[in-house]
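Participant: Quick note on the numbering used here: the sequence shown kicks off at 11 and runs consecutively.
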Amino acid sequence: MSLSLYKAFSGTKRVLVLCVILCVILSVRSMAQVIDRFKLINKHNVILNEIDPLAPLSVGNGDFAYTADVTGMQSFEQYYYKNGIPLETLSTWAWHSFPNTQNLKLEDAMKEIDFHGRKIMYASIEKSVAGEYFRQNPHPVPLGQISLVQGNGQALERSSLSHINQQLNLWKGAISSAYQLNGKPVSVETVCSPEKSIVAFSIKSTLLKNGKLKPAFRFPYSYDLSVKNKPPFDWSKVDLHQTTIVSRGENKVLLKRVINETVYYVAISWQGKAKFEQDGAHHFYLNATGTDSLQLVCQFSPSVIKQTPLLFETIRNANALSWKNYWTKGAVVDFSGSKDSRANELERRIVLSQYLVKVNYAGSFPPQETGLTHISWYGKHNSEVYWWHAAPFYQWNHTDLLEKSFSWYKKILPVALAEAKREGFEGARWPKMAGIDGRTSPGGINPFIIWNQPNPIYLAELVYRKHPNAETLKKYSDIVFESAKFLASYAFYDAKTDRYILGPPVKSVNESTAENTTKNPSFELVQWYYGLKVAQDWRVRLGMSRDPHWDKVLKKLAHPTVKDGKYLEMETDPDMYNQPGDFSSAMIMALGYLPKTPLVDKQIMLNTFNAIYERNGLKGFVSWSLGKGAMTAARLAERDKAIDILCNTLPGAVFLKNGHIQRAKEPLACPAYLPANSAFLAAAALMAAGWDDAPVMNAPGFPQDGSWHIRVENMNKLP
């Protein structure tokens, strides 16, 4: 404000003006204060005082995770499995296939599908011997169960535990478990290596010394995969796998595991007087009589482990440093001082979700939807939700962790190129549901899902936004360009309407309509446009000319269908708003998940979003729709609705004590449904950091009525 303008005010008005200026200065200073990250993260440590099968705690590094019950180990397998989240030891590298005794081929699960007059063989026969086999295989290996048992080898009784005090220290990534077992104190500290598949324990109790408590190691054959989601361990097939002691040494033993053609090793070492004993083909104990303190280190590896065993203290220190780096280098958001009563719970949800995605999603293989917590969809990666899995790492300033799993797409590029060629398309067609080998899995839905195809382009663009240099362009140009070639090749030119169309056959995001009657799903159309547009940008950045065919598709691509001022989910469902029940909401992702494009009118999207919100209510925004709904609401300046969605407490949006969210459709079959956490993080970051054309204000996605006090550090904007 100029001095002459200030003098023009009367004395009273001058005071008011000064007060306003002072408030603005104080507000800016408050927002600029450095966040006490140690205090913020530790504020939300998980504390348990009872056995809760929905609240096991995990330690892990993205490529390996160990999930423990209240004993700090895996002592109550059946109780947690039947009533909540199972106790697993999982990795991204250990995979197994049941023997293919019938010499089945993927072609046995294929049938001919008409694609605009051209015949394509798709693996769409799910209910067949071949279909079931190739859906189930390969699947992750349950690496082994590490528990505490009674001195006679019997499982602990839940009723024998009392005075439980378990804590997950988020800052250190460590679990401390203290309790009494039959009146005697027990304490267990559980940690994981930041780089290797190692879990380590420090166990203290006089019960060790008198032989009434001991660690146990058990190895199942595999899973009972007659169950797709949360399958139980298969303990029955004792003769179909082998566990052999390869070598013994002072305070260490090396085991070799052979499950059909899968081989891996388990190195067990300890500090403290103890004796390693075998009890059956796949069952071992560590008898620690003579000491009341035992430090135990278990390493799993696909190859023989030759190095000197690491000490518990070494692993604990490395783990703590890794987590400190994660929390200090990444983004955080602090709601201290907010007047809205939901602020603390929202902050807890964010911090716990940040912990869970590092444990479960920060690996070298794109995760299954339940990460490394338990098996879902036979352990396969469902690539349509990969953006939800990976994009938050960019937003929360851990782009290196996005790139870690994204590298798998480069590895399977030859597989994707071959699949597109087999189907008669150009470029790379990415598998919808796949294991580590990248082979597509049969399914009645899988071949017709297409919203997974533009995701690699979008993610590569996020990496470029963080690292806008020639190295990034060179590193990921093959993924971007081969993906774009497929997009342009898949879009079919309809001469009658002079436009490029998508489908039939195609299934939209909601997967509920018949593939042969579905055409031009709105979200996918905008995805196609954005993917090709970004790919052209990459060509220009590399000094290449624009691809003329891609430009032709961009110019003539069908637009989302509008009826009565609202977008339809797809062109072939014109009466969707006249039907009873909840409205489908996939089309709102065209502005929210995706940035603004010429294909979307903001007012029409606002009409669409509000019609869906009014009909469906908050029950329509649970699971990963937490992110879907809040992101669209934020970009449309519907800030109150955005925060209401983000703070939803209906089933499918309840954050358990450990931060997990049960899948709304099947809460006990998918009790740890992580796309809900990652989509939630994507929305929270968008609302806090903004986006490229967001209003210039602090936290532009949050209500601006003074009820929210928000400080943000190190966060990256979305386009």
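No residue lacks a Cβ here, since even glycine has one placed at the ideal position from N, Cα and C.
Can you give me the C-alpha to C-alpha distance between F435 and E87, rounded to a whole angstrom?
Facilitator: 48 Å
Participant: In this structure, does DSSP put M707 in helix, strand or coil?
Facilitator: Coil, per DSSP.
Participant: Can you tell which of R228, L191, S170 has its C-alpha closest to the C-alpha of S215?
Facilitator: L191
Participant: Could you spell out the range, first to last residue, of the beta strand (DSSP E) harbouring M741?
Facilitator: Only positions 11 to 729 of the chain appear in the structure, and residue 741 is not among them; the question remains open.
Participant: Just verifying my parser: in three-state terms, what is the DSSP assignment at G434?
Facilitator: coil
Participant: Who are the near neighbours of R359 in its chain, counting only those whose CB is closer than 6 Å to its CB and skipping five residues on each side?
Facilitator: So the qualifying residues of the chain are F665.
Participant: Just to check my reading of the structure: A663 and I653 have Cβ atoms closer than 8 Å, yes? What is that Cβ distance to the nearest angstrom?
Facilitator: A663 to I653, Cβ: 13 Å. No contact.
Participant: What residue range is occupied by the uninterrupted beta strand (DSSP E) comprising E142?
Facilitator: Looking at the DSSP string, E142 is not in any beta strand (DSSP E); the run it does join, the alpha helix (DSSP H), is 139-146.
Participant: Can you tell me whether P402 is helix, strand or coil according to DSSP?
Facilitator: helix
Participant: Should L552 go down as buried or exposed, given a rule of 16 or more other Cβ atoms within 10 Å for buried?
Facilitator: exposed
Participant: Please list, in chain order, all residues of the same chain as S101 whose beta carbon is under 7 Å from its beta carbon, the five residues on each side excluded.
Facilitator: D73, F74, L153, S207, F310
Participant: Cβ of K414 within 7 Å of Cβ of S374?
Facilitator: Cβ distance < 7 Å, so K414 and S374 count as in contact.
Participant: Are the CB atoms of Y274 and A104 within a distance shorter than 7 Å?
Facilitator: yes
Participant: Taking R258 and Q155 to be in contact with their CB atoms under 8 Å, please state how far apart those CB atoms are, rounded to whole angstroms.
Facilitator: The beta-carbon separation of R258 and Q155, rounded to 21 Å, does not stay under the 8 Å limit for a contact.
Participant: So does the segment 488-503 actually touch the segment 460-468, counting three or more Cβ pairs closer than 8 Å?
Facilitator: yes
Participant: For R721, count neighbouring Cβ atoms within 10 angstroms of its own Cβ and tell me buried if that reaches 16, exposed if not.
Facilitator: buried
Participant: Under 7 Å, do L601 and A644 count as touching if we go by C-beta distance?
Facilitator: Between L601 and A644, the CB-CB gap reaches or exceeds 7 Å.
Participant: Going straight from the alpha carbon of V196 to that of V159, what length do you get?
Facilitator: 13 Å
Participant: Per the contact definition of three or more C-beta pairs closer than 8 Å, is the segment 134-153 in contact with the segment 226-240?
Facilitator: Contact between the segment 226-240 and the segment 134-153 is present, because at least three Cβ pairs lie under 8 Å.
Participant: Buried or exposed for E379, please, with buried defined as at least 16 other CB atoms from any protein chain shown within 10 angstroms of its CB.
Facilitator: buried
Participant: Taking the C-alpha atoms as reference points, what is the distance between R549 and A498?
Facilitator: Taking the straight line joining both Cα atoms gives about 15 Å.
Participant: Within the continuous alpha helix (DSSP H) that includes S107, where are the two ends?
Facilitator: No alpha helix (DSSP H) contains S107, which DSSP labels as neither H nor E.
Participant: Within 10 angstroms of the Cβ of Q146, are there 16 or more other Cβ atoms? Answer buried if so, exposed if not.
Facilitator: buried
Participant: In the structure shown, what three-state DSSP assignment does K495 receive?
Facilitator: Note: K495 maps to helix in three-state DSSP.
Participant: Under the assumption that K121 contacts G161 (Cβ atoms under 8 Å), give the Cβ distance between them as a whole number of angstroms.
Facilitator: Wrong, their Cβ atoms sit about 59 Å apart, outside the cutoff.
Participant: Among residues of its own chain, excluding the 5 on either side of S12, which ones have a beta-carbon nearer than 6 Å to its beta-carbon?
Facilitator: Low per-residue confidence applies at S12: pLDDT is 46, beneath 50, and the placement is therefore not dependable, though the value from the model is reported in the following sentence. Correct list: empty, nothing qualifies.
Participant: Can you give the Cα-Cα distance for D62 and L97, rounded to whole angstroms?
Facilitator: 12 Å
Participant: Buried or exposed for L728, please, with buried defined as at least 16 other CB atoms from any protein chain shown within 10 angstroms of its CB.
Facilitator: buried
Participant: Measuring straight from C-alpha to C-alpha, what distance separates A682 and P66?
Facilitator: 10 Å
Participant: Report the CB separation of L180 from G381 in whole angstroms; it is logged as a contact under 8 Å.
Facilitator: 17 Å between Cβ atoms; not a contact.
Participant: Please report the distance separating the alpha-carbon of P242 from that of K606.
Facilitator: 45 Å
Participant: Report the rounded CA-to-CA distance for A679 versus V610, giving the unit in angstroms.
Facilitator: 37 Å
Participant: Just grab the DSSP bridge partners of V307 for me.
Facilitator: A210, S279
Participant: Tell me the rounded alpha-carbon separation between M707 and F322.
Facilitator: 48 Å
Participant: If I follow the unbroken alpha helix (DSSP H) through S555, where does it start and stop?
Facilitator: S555 -> no alpha helix (DSSP H), and no H or E assigned at all.
Participant: Where DSSP assigns a beta bridge to P531, which residues make up the other side?
Facilitator: M580
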